[in-house]
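Let me begin by presenting the structure, written as structure tokens, before commenting on it.
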Amino acid sequence: MKKKVLVIDDNEQNLYLITFLLESKGYEVITAIDGIKGIKKAIEKKPDLILLDIQLPELDGYEVAKRIKSIDEISHIPIVAVTSYAMPADEEKALAIGCVGYIKKPFFPENFIPEIEKYLFENKESDKHENSGC
Numbered sequence: 001m002k003k004k005v006l007v008i009d010d011n012e013q014n015l016y017l018i019t020f021l022l023e024s025k026g027y028e029v030i031t032a033i034d035g036i037k038g039i040k041k042a043i044e045k046k047p048d049l050i051l052l053d054i055q056l057p058e059l060d061g062y063e064v065a066k067r068i069k070s071i072d073e074i075s076h077i078p079i080v081a082v083t084s085y086a087m088p089a090d091e092e093k094a095l096a097i098g099c100v101g102y103i104k105k106p107f108f109p110e111n112f113i114p115e116i117e118k119y120l121f122e123n124k125e126s127d128k129h130e131n132s133g134c
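Residue numbers (the UniProt record's numbering): 1 to 134.
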């Protein structure tokens, strides 16, 4: 079964590039152009990973991450911030609210998939340990 990745970003060019990169590696991609739609799609589609822009209209990515982490049925889904916010304090804030990773824009396309896969497969490894009683 294909792994599902939800991409929440209001920039169409970013959505296109990230979708292209993920689909070229066989991932199913779900997109949302704002935080409210992203939260709804996370609940509806139950992705394996969420890639979240921090700079979103209405609800910023920090608030979106907080809300996702507060909803029991989707709180386990790993969130990776993908953002142009590049200060160390921004990364610390993203990690503090529950993001498992932080990717700075612009990113190198050849490095993007290996970085994303760390979080997809790291999450599955921890699921195996949890399910095995370890």
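All residues carry an ideal CB built from backbone N, CA and C; glycine is no exception.
Within the segment 17-63, the complete beta strand (DSSP E) segments at least 3 residues long are 28-32, 49-52, listed from N- to C-terminus.
For alanine 96, the uninterrupted alpha helix (DSSP H) run begins and ends at 88-96, by DSSP.
Sequence-distant Cβ neighbours of isoleucine 33 in its own chain, meaning closer than 6 Å and more than five residues away, are Asp10. DSSP places tyrosine 85 outside any beta strand (DSSP E), giving it a letter other than H or E. Serine 70 and phenylalanine 112 have their C-alpha atoms roughly 28 Å apart. Around glutamate 23, the same chain offers Val29 as residues with beta carbons nearer than 6 Å, after the five sequence neighbours per side are excluded.
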